[in-house]
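Enquirer: Sequences listed follow chains X and A, in order. Under the working numbering, the first residue of the first sequence is numbered 1450, with each subsequent residue one higher. Under the working numbering, the first residue of the second sequence is numbered 1450, with each subsequent residue one higher.
Protein chains: 2
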Amino acid sequence: MALERTAIVVAALDLLDQTGLEGLTMRKLAEALNVQAPSLYWHFPGKPALLDAMANALLEDVARTPVDGAEHQVVLRRSAAELRRALQARRDGAKVYAGTFVMGENVLRLAETIIGALMRSGMSARTSMRAGFTLLYYVLGFVIEEQAWQRQVGADPANLAAQLAQWGGRFPAIEAALSHFSDADQDDRFNHGVDLILNGLGQHGPSERERMEALFRALKSGR
Amino acid sequence: MALERTAIVVAALDLLDQTGLEGLTMRKLAEALNVQAPSLYWHFPGKPALLDAMANALLEDVARTPVDGAEHQVVLRRSAAELRRALQARRDGAKVYAGTFVMGENVLRLAETIIGALMRSGMSARTSMRAGFTLLYYVLGFVIEEQAWQRQVGADPANLAAQLAQWGGRFPAIEAALSHFSDADQDDRFNHGVDLILNGLGQHGPSERERMEALFRALKSGR
DNA sequence: ACCTGAACACCGTTCAAGT
DNA sequence: ACCTGAACACCGTTCAAGT
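Quick look at the structure:
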């Protein structure tokens, strides 16, 4: 029953928040569902399959807003922010997602939204895909490090400067930069990276030939 | 003894190649070292500490080439390629790295190389850090997905088109783009993303004010 | 300083059996 | 169709004891 599968995934995500990825076990999950551990194996072939379903479920609310005729920059910025938010919403969310490779509905919808917006702006399918994935990789990497930072430094902030000081001036650029690495700054940092990628896109944008092809396609489809 | 610690990490990385991250256990590692499992706890406080050491060891050969006066684009391109290669060198390398947050020597040297090159080009410490991390996040995200792809699709290539076909035309942009997603193309895809980020940097580059400040600093230090 | 034996409190998964 | 009991082959980690 589809309802039961969904309920298991929901319970698994709640358990994830409580225990972290390390503490997420089939036995504890079964207990949370008032069931014996082997029952889960009727619904999922194994733990990896459950983690795949969890990864896809993380993106449930991503890329739901209609794009309409929005500029590709707007679509990409919003998509990036939504993906970050979705991965951040659960403890170890980025690590769960990073451990899987799912062609699930939510993942595909997100990719379709981004790549589609780029293609509609006149870029070729090839360039759109590459640019879109560049953005997605950036977001994934960002949140992975963001959550690792929260786990490690969030638990013991004083330790950070001490660890760096241990190398005694061997890394001056980092020391100069680290003062700009504050917790309050995370959103700005994230947006700056997104802007950097969008900015790179501007130059690389549709070539003369790609513009002509896009125009031709539009005319042919009668719009 | 530092020698023993290093030997453990080397053995752990070799075991990782054989078993993957899932199969990497303290007991198997101890066996590979002809020792009982509890012995490892004299050298490392626990498995997470071992994984931290492994993550840092992955970057052993990264950012070793002297930068000299190289342009920042050259430094960044090389650093990105070296990081990708290092994470790719071991099975599940990116996942091991993504699970940790280590202020280790190798990680710091890589960050110093990138951020230092950007600062020397005239960018502020703040902008250099943000741009540098954008590149690093991209590389990390790229290799995570690259290795996930190798695990999943590499094992069963025929399955891919079938999985996508299942959604029957709901994701046309992806279908159009997927033909450009070949195994042979991975290096090109990677470089394209790096170029995109470098390209975005060009516009964002040193402002007039930042150029003046850099010039002033250079003059003051007598160069 | 470095390692072992024995034990504790867990794991994921299988499978026959129940309803 | 869905769940349980019992078991198998493992885990990470602790700790007293050895050398």
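All C-beta atoms in this analysis are idealised placements derived from N, C-alpha and C, irrespective of residue type, glycine included.
If we cut at 9 Å on Cβ distances, does Gly1469 (chain X) have a partner in chain A?
Expert: For the purposes of this step, residue 1469 (chain X) is identified with residue 20 of the first sequence, where counting begins at 1. Not an interface residue.
Enquirer: If the criterion is Cβ atoms closer than 9 Å, does the pair Gly1590 (chain A) and Tyr1587 (chain X) meet it?
Expert: Position 141 of the second sequence, counting from 1, holds the residue named residue 1590 (chain A). Position 138 of the first sequence, counting from 1, holds the residue named residue 1587 (chain X). Their beta carbons are under 9 Å apart, which means Gly1590 (chain A) touches Tyr1587 (chain X) by this criterion.
Enquirer: Just verifying my parser: in three-state terms, what is the DSSP assignment at Thr1468 (chain A)?
Expert: Numbered from 1 along the second sequence, position 19 holds the residue referred to as residue 1468 (chain A). Correct three-state label for Thr1468 (chain A): helix.
Enquirer: DSSP three-state label for Leu1473 (chain A), please.
Expert: For the purposes of this step, residue 1473 (chain A) is taken as the residue at position 24 of the second sequence. Coil.
Enquirer: Does Ser1628 (chain A) come within less than 9 Å of chain X when only Cβ atoms are used?
Expert: In the second sequence, counting from the first residue as 1, residue 1628 (chain A) sits at position 179. Yes - at least one Cβ of chain X is within 9 Å of the one on Ser1628 (chain A).
Enquirer: Just to confirm before moving on: does the CB-CB distance between Gln1433 (chain X) and Val1592 (chain X) stay below 9 Å?
Expert: A question about residue 1433 (chain X) goes unanswered here, because the residues of chain X that appear run from 1450 up to 1672.
Enquirer: Pairing CB atoms from the stretch 1543-1551 of chain X with CB atoms from the stretch 1595-1615 of chain A, are three or more of them under 8 Å?
Expert: Touching, yes, given that three or more Cβ pairs across the two stretches are closer than 8 Å.
Enquirer: Suppose only complete runs of 4+ residues qualify. What are the alpha helix (DSSP H) ranges in the stretch 1472-1548 of chain A, listed by chain order?
Expert: Correct list: 1475-1481, 1489-1492, 1496-1507, 1521-1537 and 1542-1547.
Enquirer: So with CB distances below 7 Å, who are the chain X contacts of Phe1620 (chain A)?
Expert: If you number the second sequence from 1, residue 1620 (chain A) lands on position 171. By Cβ distance, chain X contributes Leu1557 and Glu1561.
Enquirer: If the cut is a Cβ gap below 8 Å, which residues of chain A does Asn1483 (chain X) touch?
Expert: As a position in the first sequence, residue 1483 (chain X) is number 34, starting the count at 1. Ordered by position in chain A, no residue passes the 8 Å Cβ test against Asn1483 (chain X), which lies about 28 Å from the chain.
Enquirer: Would you say Trp1616 (chain X) reaches chain A, if we count a Cβ-Cβ gap shorter than 9 Å as a contact?
Expert: Here residue 1616 (chain X) refers to the residue found at position 167 of the first sequence. It does: the Cβ of Trp1616 (chain X) has a partner Cβ on chain A nearer than 9 Å.
Enquirer: Can you list the alpha helix (DSSP H) stretches of 4 or more residues lying completely in the stretch 1535-1609 of chain X, in chain order?
Expert: List check, alpha helix (DSSP H) in window: 1542-1547, 1554-1569 and 1574-1601.
Enquirer: Mind checking Asp1541 (chain A): buried by the 16 CB within 10 Å criterion, or exposed?
Expert: On the second sequence, residue 1541 (chain A) is found 92 positions in, with the first residue counted as 1. Buried.
Enquirer: Per the contact definition of three or more C-beta pairs closer than 8 Å, is the stretch 1573-1582 of chain A in contact with the stretch 1612-1631 of chain X?
Expert: Touching, per the Cβ criterion.
Enquirer: So, does the CB of Tyr1490 (chain A) fall closer than 9 Å to a CB anywhere in chain X?
Expert: In the second sequence, the residue the question calls residue 1490 (chain A) occupies position 41. By this cut-off, Tyr1490 (chain A) is not an interface position.
Enquirer: Would you kindly report the start and end of the unbroken alpha helix (DSSP H) that includes Ala1622 (chain A)?
Expert: As a first step, residue 1622 (chain A) must be located in the second sequence, where it is residue number 173. First-last of the alpha helix (DSSP H) with Ala1622 (chain A): Pro1621 to Leu1627.
Enquirer: Mind listing which residues of the stretch 1595-1613 of chain X have their C-beta closer than 8 Å to chain A's C-betas, in chain order?
Expert: Residues passing the 8 Å Cβ filter: Ala1597, Trp1598, Arg1600, Gln1601, Val1602, Leu1609, Gln1612 and Leu1613.
Enquirer: Using the C-alpha atoms, what's the distance from Ala1626 (chain X) back to Trp1616 (chain X)?
Expert: The sequence position of residue 1616 (chain X) within the first sequence is 167, counting from 1. The sequence position of residue 1626 (chain X) within the first sequence is 177, counting from 1. For Trp1616 (chain X) and Ala1626 (chain X), the distance between alpha carbons rounds to 15 Å.
Enquirer: Is it a yes or a no for the stretch 1505-1521 of chain A touching the stretch 1561-1577 of chain X, going by three-plus beta-carbon pairs under 8 Å?
Expert: Too few Cβ pairs lie closer than 8 Å, so no.
Enquirer: Taking CB distances under 9 Å as the criterion, tell me whether Asn1505 (chain X) reaches chain A.
Expert: Here residue 1505 (chain X) corresponds to residue number 56 of the first sequence, with the count starting at 1. Taking Cβ atoms only, chain A never reaches closer than 9 Å to Asn1505 (chain X), which makes this a no.
Enquirer: Using only alpha-carbon positions, find the residue among A:Leu1473, A:Val1459, A:Leu1647 and A:Gln1485 that is nearest to Glu1509 (chain A).
Expert: Taking the second sequence and counting its residues from 1, the one referred to as residue 1509 (chain A) is at position 60. Cα-wise, what sits closest to Glu1509 (chain A) is A:Val1459.
Enquirer: Inspect the CB distances between the stretch 1635-1648 of chain X and the stretch 1463-1470 of chain A and report whether three or more fall short of 8 Å.
Expert: With a cut-off of 8 Å, the stretch 1463-1470 of chain A and the stretch 1635-1648 of chain X do not count as touching, because too few Cβ pairs lie within range.
Enquirer: Using a Cβ cut-off of 7 Å, pull out every chain A residue sitting near His1641 (chain X), in sequence order please.
Expert: Start at 1 with the first residue of the first sequence, and residue 1641 (chain X) comes out as number 192. What His1641 (chain X) touches in chain A: Arg1579.
Enquirer: For chain X, is any of its Cβ atoms less than 9 Å away from the one on Val1588 (chain A)?
Expert: Translated into positions along the second sequence, residue 1588 (chain A) becomes position 139. Output row for Val1588 (chain A): interface = yes.
Enquirer: Distance check for Asn1483 (chain A) and His1492 (chain A), CA to CA, integer angstroms please.
Expert: The residue labelled residue 1492 (chain A) in the question sits at position 43 within the second sequence. The residue labelled residue 1483 (chain A) in the question sits at position 34 within the second sequence. About 15 Å.
Enquirer: Report the residues of the stretch 1511-1539 of chain X with a CB closer than 7 Å to any CB of chain A, ordered along the chain.
Expert: So the list is empty, because no residue satisfies the distance condition.
Enquirer: Report the neighbours of Leu1680 (chain X) on chain A: residues whose CB is nearer than 7 Å to its CB, in chain order.
Expert: An answer regarding residue 1680 (chain X) cannot be provided, because it is not within the stretch 1450 to 1672 covered by chain X.
Enquirer: Give the straight-line distance between the Cα atoms of Arg1533 (chain A) and Gln1485 (chain X), rounded to the nearest whole angstrom.
Expert: Within the second sequence, numbered from 1, the residue matching residue 1533 (chain A) stands at position 84. Within the first sequence, numbered from 1, the residue matching residue 1485 (chain X) stands at position 36. Computed Cα separation, rounded: 43 Å.
Enquirer: Determine the chain X residues that contact Met1552 (chain A) at a beta-carbon separation under 8 Å, and present them in chain order.
Expert: For the purposes of this step, residue 1552 (chain A) is identified with residue 103 of the second sequence, where counting begins at 1. Correct list: Leu1609, Gln1612 and Leu1613.
Enquirer: When the cut-off is 9 Å and only beta carbons count, does Asp1636 (chain A) lie next to chain X?
Expert: Locating residue 1636 (chain A) in the second sequence gives position 187, counting from the first residue. Chain X contact via Cβ: absent.
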